[in-house]
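Numbering (this note's numbering), first residue to last: 178 to 455.
Have a look at this one:
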């Protein structure tokens, strides 16, 4: 990927606010970008990474800014973290905020704005789970989901994970899974472990983005293959020089992200291909 300064991601203005969702529950969100008068742009609900147990709106700044730079209005959610809030609480709040975003889409992104879900690492797990919830609840209609280095299977033990782990006896992703799945039977739930979902029909188009040395590379691409086998539209890209993914997406400030140009282009193309008036 290019390290050219001319293509570096520029800071995107944002606003932090608190919204009320079902039963008066309060949710903290950060809103990036927006529309100009008479314009309609994609509206994205975004979930940050952090292996289910860490992370905040600041950690989601690189991906949130990249989505906005690609032309979207982005609502990034500070969801509750495990172990205090294991599955399904983060997922349930995510779905309520998705319904809120759909109701607010004209104000935020324009009349009939297409609605997307997006996330990185553990946030991509939540995006995939909320996407299944929206399908099963038959609302709201989604134009697509964007899964970046997604944590999809707690027991994958794929070659990409083993290569990233090396000789270390500790794995923060395995630890995060253990704390997110509060009960053993939670691992059988498709919303918690999307990679094991038996029914994939009815999901919207999916963009999968991983790095070549990404520990989540194999499980993400395997999920994409399963979606395709189910007759769904899948777009994927492997960044050959995405060093330290997904951790780099959570730590570095957006303006220094070396993969900004390619990341934005993948997002822009996905929006262009999938957006429709809903």
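Virtual Cβ for every residue (Gly too), placed ideally from N, Cα, C.
- For residue 408 and residue 415, the gap between their C-alpha atoms comes out near 22 Å.
- DSSP places residue 375 in no alpha helix (DSSP H); its state is neither H nor E.
- According to DSSP, residue 413 shares a beta bridge with 385.
- Looking at the backbone, the Cα of residue 306 and that of residue 327 are separated by about 11 Å.
- In the structure shown, residue 424 adopts helical secondary structure according to DSSP, grouped into three states.
- Judged by their CB atoms, residue 204 and residue 268 are not nearer to each other than the 8 Å cut-off.
- By the Cβ neighbour-count rule, residue 332 is exposed, with fewer than 16 other Cβ atoms within 10 Å of its own.
- 282 is the residue among 301, 282, 197 whose C-alpha sits nearest the C-alpha of residue 292.
- Of the residues 330, 366, 361, the one whose Cα lies closest to the Cα of residue 351 is 330.
- Taking a 10 Å sphere around the C-beta of residue 194, we find fewer than 16 other C-beta atoms and assign the residue as exposed.
- Cβ contact annotation for residue 356 (same chain, cutoff 8 Å, sequence separation greater than five): 229, 230, 259, 260, 263, in chain order.
- Here residue 268 carries a helix assignment [DSSP, helix/strand/coil].
- Contact between residue 369 and residue 323 is ruled out by a C-beta separation of about 20 Å, above the 8 Å threshold.
- Exclusion of the five residues before and after residue 277 leaves 196, 198 as the residues of its chain whose Cβ lies within less than 7 Å of its Cβ.
- Around the beta carbon of residue 362, fewer than 16 other beta carbons lie within 10 angstroms, which makes this residue exposed.
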